[in-house]
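For the sequence shown, my numbering begins at 10 and goes up steadily by one. Where is the CB? At the ideal position from N, CA and C, for every residue including glycine. Because the structure is a prediction, the values reported are computed rather than measured. Shown next, in structure tokens, is the structure this report addresses.
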Amino acid sequence: MIYLDSAATSFLKPPSVKTEMMNALSTMSSPGRGAYPAAMNAAEKVYECRELVCRLMNFPHPENVVFTMNATHALNIAINTLAKSGSRVVISGYEHNSVTRPLHEMGAVIDVAEGSLFDTEDVLRAFSEKIPAADLVICNHVSNVFGFVQPVEEIAKLCKKHNVPFIIDASQSAGIESIDAERLDTAFIAMPGHKGLMGPQGTGVLLCKERPKPLISGGTGSESILQTMPEYLPDAAEAGTHNVVGIAGLCAGIRYVLKTGADTIGRYESSLCAEMADILGSIPALKVYSHSGTQAGVLSVQHESIDCESFCEMLGKNSVAARCGLHCAPLAHKTVGTIDRGTVRLSFSPFISRQQMLRACRIISRIS
């Protein structure tokens, strides 16, 4: 199988991820629930993972690294902390449903900063016009549909200038693009563990500069006498038993990213994406959404006469794994004008070779 669906999940992972998870199953119980070896092993592993996240993201506070089920969970915590019914929330035109649905459900006023695809100056213009009157700003670092790398550092500066809190969705950039949380200095940065960080499904991370409002309440292994959640992090936002096995796997994934280098991984994926875009761009029946310099390793294409679902089905029968449709991001498709048909999305990982990419191009050409 040629796996080109890493924007959904990193199915191809370092072997150490599985090893660490199997070790956790046999040596770790639950952190904070006892002083016996299995409980202490779990506590040490969970704290180790917080420290690894800090090293990777240049974030100085391990206790403010909150573990979640996924990026959606992390974003819901952040959004419910900073927004409420009637809040004016400025978002980019490329946001995922994990941002737009919580905002709709709480009755926030959503104001879209519409910027043209792969045009960072246009995106900045749109945000600069809307930020001064905003209560909150949310923007993804990389579009999950088109791979558009958005100017989050410049947006963060605009937010700081106007004293508006900022949430970054790093779902498609964590482990792939350089993220300096200390320099960004935003309220929250949310990310999944199972994409660029190479961890297993069921893991996510929320970096908290501000104290989050608990999304769920329950046991924490601390302050059991209280009938409210503890005031301090990470306990304030981590109710219930930790996914220790998943966090152990996430540890191994982050170690791989630290050893290899997020920038190195990102450059490799972008180079594959750019070469594939050039090759597919020569096929008359295909429309290819690409731009050198502002695109990560995520590529969307459309065929002029074959619908996306049928195209993906044909790819699957030829052992190419891709994703079709709206990719849980109808706003991005509306912004670009692909809402009626969706796209076929091809996304890369460090474990995809150039030879596999070229073979996928030949298959796509034959189908086209």
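Query raised in the report: Helix or strand or just coil, what does DSSP make of S35?
Result: The three-state reading of DSSP puts S35 in helix, counting H, G and I together.
Query raised in the report: When DSSP labels each residue in this structure, what does C337 get in the three-state scheme?
Result: Reduced to three states, the DSSP call for C337 is coil.
Requested in this report: Would you list the one or two residues that DSSP bridges to P243?
Outcome: Within the DSSP secondary-structure output, P243 pairs in no beta bridge.
Query raised in the report: Any idea what DSSP makes of E435, helix, strand or coil?
Result: Lying before the first or after the last residue shown, residue 435 is absent from the chain, which here runs from 10 to 377.
Query raised in the report: Just checking my contact of L126 with I119 at CB under 8 Å: how many whole Å lie between their CB atoms?
Result: Between I119 and L126 the Cβ distance is about 20 Å, and since that is not below 8 Å, they are no contact.
Query raised in the report: Going by other Cβ atoms of all chains shown within 10 Å of its Cβ, with 16 needed for buried, is A142 buried or exposed?
Result: By the neighbour-count rule (16 or more Cβ atoms within 10 Å), A142 is not buried but exposed.
Query raised in the report: In terms of DSSP beta bridges, what is F157 paired with?
Result: Under DSSP, the beta-bridge partners assigned to F157 are Q304.
Report task. Put D194 into one of helix, strand or coil per three-state DSSP. Result -> It is coil, neither helix nor strand.
Requested in this report: Reducing DSSP to helix, strand and coil, say where I176 ends up.
Outcome: In the three-state reduction of the DSSP assignment, I176 falls in the strand class.
Query - Best match in V161, K268, Y241, V173 for proximity to R64 [C-alpha to C-alpha] - result: Answer by Cα proximity: K268.
Query - Segment contact flag, the segment 282-296 with the segment 312-323, C-beta cutoff 8 Å, min 3 pairs - result: Contact between the segment 282-296 and the segment 312-323 is present, because at least three Cβ pairs lie under 8 Å.
Report task. Give the DSSP-derived three-state secondary structure of H105 in the structure shown. Result -> H105 carries a coil assignment under DSSP once its states are collapsed to helix, strand and coil.
Requested in this report: List the endpoints of the continuous beta strand (DSSP E) containing G202.
Outcome: No beta strand (DSSP E) holds G202; DSSP gives it neither H nor E.
Query raised in the report: Cα separation between T77 and L133?
Result: Approximately 30 Å, taken between the alpha carbons.
Query - Residue range of the unbroken alpha helix (DSSP H) whose run includes N50 - result: Residues 46-66.
Report task. Consult DSSP for T77 and reduce its assignment to one of helix, strand or coil. Result -> T77 falls in the strand class under three-state DSSP.
Requested in this report: Would you kindly check if the distance between the Cβ of T195 and the Cβ of V158 is under 9 Å?
Outcome: Not a contact, by the Cβ cut-off of 9 Å.
Query - N-terminal and C-terminal residue of the alpha helix (DSSP H) that S374 is part of - result: For S374, the enclosing alpha helix (DSSP H) covers residues 363-376.
Query - Where P273 sits in the DSSP three-state scheme - result: The sequence shown places Thr at residue 273, not Pro. T273: helix per DSSP, three-state reduction.
**Report entry** Closest residue to D287 among L224, S374, N252 (Cα-Cα distance)
**Finding:** Closest option to D287, Cα to Cα, is S374.
Query raised in the report: To which residues of the same chain is K22 closer than 6 Å at the C-beta, ignoring the five residues directly before and after it?
Result: Correct list, in chain order: M207.
Query raised in the report: Going straight from the alpha carbon of N50 to that of V353, what length do you get?
Result: If I take the Cα positions, the gap works out to 44 Å.
Query raised in the report: Do you know whose CA, among F320, F136, E284, lies nearest V173's CA?
Result: Per the C-alpha coordinates, the member of F320, F136, E284 positioned closest to V173 is F136.
**Report entry** Neighbourhood of S38 by C-beta distance below 6 Å, restricted to the same chain and skipping five residues each side
**Finding:** Cβ neighbours of S38 beyond the five flanking positions: A47, A48, A51.
Query raised in the report: For E219, which option in I198, S301, G95 has the closest C-alpha, if you only look at C-alpha atoms?
Result: Considering only alpha carbons, the answer is I198.
Query raised in the report: Short check: CB of P223 to CB of N73, under 9 Å?
Result: No, the pair does not count as a contact, with Cβ atoms beyond the cut-off.
Query raised in the report: Given P201, which residues of its chain have a CB within under 6 Å of its CB, disregarding the five upstream and five downstream residues?
Result: Within the same chain, N79, A80, S180, G213 come within 6 Å of P201 by CB-CB distance, once the 5 residues on both sides are set aside.
Query raised in the report: With 16 as the cutoff for other CB atoms within 10 Å, does E191 come out buried or exposed?
Result: Around the beta carbon of E191, fewer than 16 other beta carbons lie within 10 angstroms, which makes this residue exposed.
Query raised in the report: Taking just the CA atoms, how far does S107 sit from L281?
Result: Rounded to whole angstroms, L281 to S107 spans 28 Å at the Cα level.
Requested in this report: Quick one: grab the DSSP three-state call for H171.
Outcome: Assignment of H171 by DSSP, reduced to helix, strand and coil, places it in the coil class.
Query raised in the report: When burial is assigned at 16 or more other CB atoms within 10 Å of the CB, is A246 buried or exposed?
Result: Burial call: buried.
Query raised in the report: Could you give the distance in angstroms between the alpha-carbon of Y241 and the alpha-carbon of V345?
Result: In a straight line, the C-alpha of Y241 is about 43 Å away from that of V345.
Query - A261 - DSSP class collapsed to helix/strand/coil - result: The three-state reading of DSSP puts A261 in helix, counting H, G and I together.
Query raised in the report: So what does G213 bridge to, in DSSP terms?
Result: Answer is T77, P201.
Query raised in the report: So which of L216, G290, K326 has the shortest CA-CA distance to P71?
Result: Ranking the options by Cα distance to P71, first place goes to L216.
Query raised in the report: Hey, how far is the Cα of Q365 from the Cα of H82?
Result: Distance between the alpha carbons of Q365 and H82 is about 34 Å.
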